[in-house]
Amino acid sequence: MKAVVLAAGEGRRLRPITLTRPKHMIPIGGRPLLEHHLLSLRDSGIKETLLVVNYKSDQIKRYFEDGSNLGIKIEYIRQKETGGTADAFALAEDYVNGDFLATYGDLLISSEVVRSALDLHLRESPAATLTTVEVEHPERYGVIKTTQNRVVEIVEKPTPGTITSRQINAGVYVFSPEIFKAIKRTERSPRGEQEITDSIRLLIENEETVLAAKVSADHWLDVGRPWDLLDANMRVLKHLEPRVLGRVEEGAHIEGTVFIGEEARIRSGTYIEGPAYIGKESDVGPNCYIGPYTSVGRKVRIRNGAEVKNSILMNDVHIGPLSYVVDSVIGEDCDFGAG
Numbered sequence: 001m002k003a004v005v006l007a008a009g010e011g012r013r014l015r016p017i018t019l020t021r022p023k024h025m026i027p028i029g030g031r032p033l034l035e036h037h038l039l040s041l042r043d044s045g046i047k048e049t050l051l052v053v054n055y056k057s058d059q060i061k062r063y064f065e066d067g068s069n070l071g072i073k074i075e076y077i078r079q080k081e082t083g084g085t086a087d088a089f090a091l092a093e094d095y096v097n098g099d100f101l102a103t104y105g106d107l108l109i110s111s112e113v114v115r116s117a118l119d120l121h122l123r124e125s126p127a128a129t130l131t132t133v134e135v136e137h138p139e140r141y142g143v144i145k146t147t148q149n150r151v152v153e154i155v156e157k158p159t160p161g162t163i164t165s166r167q168i169n170a171g172v173y174v175f176s177p178e179i180f181k182a183i184k185r186t187e188r189s190p191r192g193e194q195e196i197t198d199s200i201r202l203l204i205e206n207e208e209t210v211l212a213a214k215v216s217a218d219h220w221l222d223v224g225r226p227w228d229l230l231d232a233n234m235r236v237l238k239h240l241e242p243r244v245l246g247r248v249e250e251g252a253h254i255e256g257t258v259f260i261g262e263e264a265r266i267r268s269g270t271y272i273e274g275p276a277y278i279g280k281e282s283d284v285g286p287n288c289y290i291g292p293y294t295s296v297g298r299k300v301r302i303r304n305g306a307e308v309k310n311s312i313l314m315n316d317v318h319i320g321p322l323s324y325v326v327d328s329v330i331g332e333d334c335d336f337g338a339g
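For the sequence shown, this note's numbering assigns the number 1 to the initial residue and increments by one for each residue that follows.
Laid out in structure tokens, this is it:
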């Protein structure tokens with residue numbers, strides 16, 4: 001089965017980080033968010049993917065190319081305008097040749113989420129299968145109402161007093177070609193957009209079968225706001241494979257799960273407490289403390305006595321002596337002075 005992944009949006013809620021890159025290319029644990037997403041698709045058995053791109057798409061294409069480095073085949077199509085999610089999925093009609101997986105590329109998901117949707121869809125052969133996840137604040141999302149596992153209603157961002165379910169649309173779908181007929185009948189919103197949830201409603205109104213596969217919130221995260229980046233980073237680093245490819249000087253101490261990239265240097269007196277990721281050609285120390293859930297990009301310099309924990313430092317960042325960085329996301333080329 002082929003997959004169609006939406007990666008066209010800018011991510012305005014993540015500005016200023018997204019002024020220079022699509023949100024899908026924000027590094028999480030040493031890899032772009034979209035790479036984690038595509039690897040989960042690959043691990044669930046997906047081998048061919050169409051990426052729907054727009055905003056700064058050259059960065060996505062340059063990084064992933066044809067997907068061979070990930071063990072998948074990637075093709076690209078450009079959504080000329082931000083016409084909504086249904087409009088974006090409609091671009092895939094000539095690409096897919098039957099049922100297909102459809103996802104939002106800014107989700108951090110495990111392969112279990114994808115397999116849950118695929119297994120249910122292949123077993124029951126509905127017109128559409130969507131995933132749902134239980135969240136604490138469903139009013140921010142599309143709430144899914146079901147009878148057993150059949151979707152009977154989708155309520156977009158309900159007011160708190162009217163909420164009858166905490167199951168929300170998790171943004172991972174499997175569609176039959178019937179979805180394209182529904183998209184053609186989907187009216188545009190006042191913003192001029194066609195939304196895929198409106199298309200799914202048309203399937204339900206037409207008495208087509210739409211099923212819901214419930215997934216665990218432990219395997220799903222919507223990365224839409226700055227604080228979500230740190231949550232995503234924490235989740236990724238929990239599954240980090242430890243490796244030391246760079247140089248660790250005598251007197252430096254490494255504890256826990258730590259990845260140190262090629263040509264990185266950990267100077268004497270530095271203490272790294274994992275899980276932590278240190279990118280290639282980065283230089284840390286002397287006498288620094290790198291705490292848990294820290295991701296350090298490529299060619300980062302962290303100088304004498306600095307302390308960094310629970311943070312993301314992107315490429316080419318400079319942290320001056322005796323600096324303290326905690327619970328932070330630092331963009332590329334930032335330079336912090338001493339103290």
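Just so it is clear, CB atoms sit at the ideal spot from N, CA and C, and this is done for glycine as well.
Query - DSSP state of H121 mapped onto helix, strand, coil - result: One-based indexing of the sequence shown puts residue 121 at position 121. Here H121 sits in helix by DSSP.
Requested in this report: Would you check if the distance between the CB atom of E273 and the CB atom of G256 is smaller than 8 Å?
Outcome: Counted from its first residue, the sequence shown places residue 273 at position 273. Counted from its first residue, the sequence shown places residue 256 at position 256. Going by C-beta atoms, E273 is nearer than 8 Å to G256.
Requested in this report: Below 7 Å CB to CB, which residues in the same chain sit around R409 once its five sequence neighbours on both sides are set aside?
Outcome: The structure shown does not extend to residue 409, since the chain is modelled only from 1 through 339, so no value can be given for it.
Requested in this report: Buried or exposed for P177, please, with buried defined as at least 16 other CB atoms from any protein chain shown within 10 angstroms of its CB.
Outcome: What you label residue 177 is simply residue 177 of the sequence shown in a count that begins at 1. Exposed, because fewer than 16 other Cβ atoms sit within 10 Å of the Cβ of P177.
Report task. Please report how far the alpha carbon of P242 lies from the alpha carbon of V258, in whole angstroms. Result -> Counted from its first residue, the sequence shown places residue 242 at position 242. Counted from its first residue, the sequence shown places residue 258 at position 258. Approximately 5 Å between the Cα atoms of the pair.
Query raised in the report: By Cβ distance, which residues of its chain are closer than 7 Å to V236, with the 5 residues on each side in sequence left out?
Result: One-based indexing of the sequence shown puts residue 236 at position 236. Result list for V236: I28, G29 and H36, in chain order.
Query - Opposing strand residues paired with L313 [DSSP bridges] - result: Stepping through the sequence shown from its first residue, residue 313 is reached at position 313. In the DSSP output, where bridge partners are listed per residue, L313 has V296 and I330.
Query raised in the report: For H318, which three-state DSSP category applies?
Result: For the purposes of this step, residue 318 is taken as residue 318 along the sequence shown, with counting starting at 1. H318 falls in the strand class under three-state DSSP.
Query raised in the report: Touching or not, the region 100 to 118 and the region 33 to 47, by the rule of three or more beta carbon pairs under 8 Å?
Result: yes
Query - V280 - DSSP class collapsed to helix/strand/coil - result: Here residue 280 is taken as the residue at index 280 of the sequence shown, counted from 1. The amino acid occupying residue 280 in the given sequence is Lys; Val does not appear at that position. Note: K280 maps to coil in three-state DSSP.
Query raised in the report: Would G105 pass as a contact of V5 if the rule is Cβ separation under 8 Å?
Result: Within the sequence shown, numbered from 1, the residue matching residue 105 stands at position 105. Within the sequence shown, numbered from 1, the residue matching residue 5 stands at position 5. The answer is yes: Cβ separation under 8 Å.
Requested in this report: Sort out for me which residues DSSP pairs N169 with in a bridge.
Outcome: In the sequence shown, the residue the question calls residue 169 occupies position 169. DSSP output for N169 lists T132 as bridge partner(s).
**Report entry** Nearest candidate by alpha-carbon position, reference S55, set F100, G291, E208 and T18
**Finding:** Your numbering for residue 55 matches position 55 in the sequence shown. Note on identity: in this sequence residue 55 is Tyr, with Ser being the wrong assignment. Closest by alpha carbon: T18.
**Report entry** Interface flag, H36 vs chain C, CB-CB below 8 Å
**Finding:** No chain C is part of this structure, which consists of one protein chain only.
Query raised in the report: Is the beta carbon of N304 less than 8 Å from the beta carbon of Y293?
Result: For the purposes of this step, residue 304 is taken as the residue at position 304 of the sequence shown. For the purposes of this step, residue 293 is taken as the residue at position 293 of the sequence shown. Not a contact, by the Cβ cut-off of 8 Å.
Report task. Return helix, strand or coil for E93, following the three-state DSSP convention. Result -> Here residue 93 refers to the residue found at position 93 when the sequence shown is read from its first residue. The answer is coil: DSSP assigns E93 none of H, G, I, E or B.
Query - Strand pairing of P32, partner residues [DSSP] - result: Locating residue 32 in the sequence shown gives position 32, where the first residue counts as 1. BP columns for P32 point to P27.
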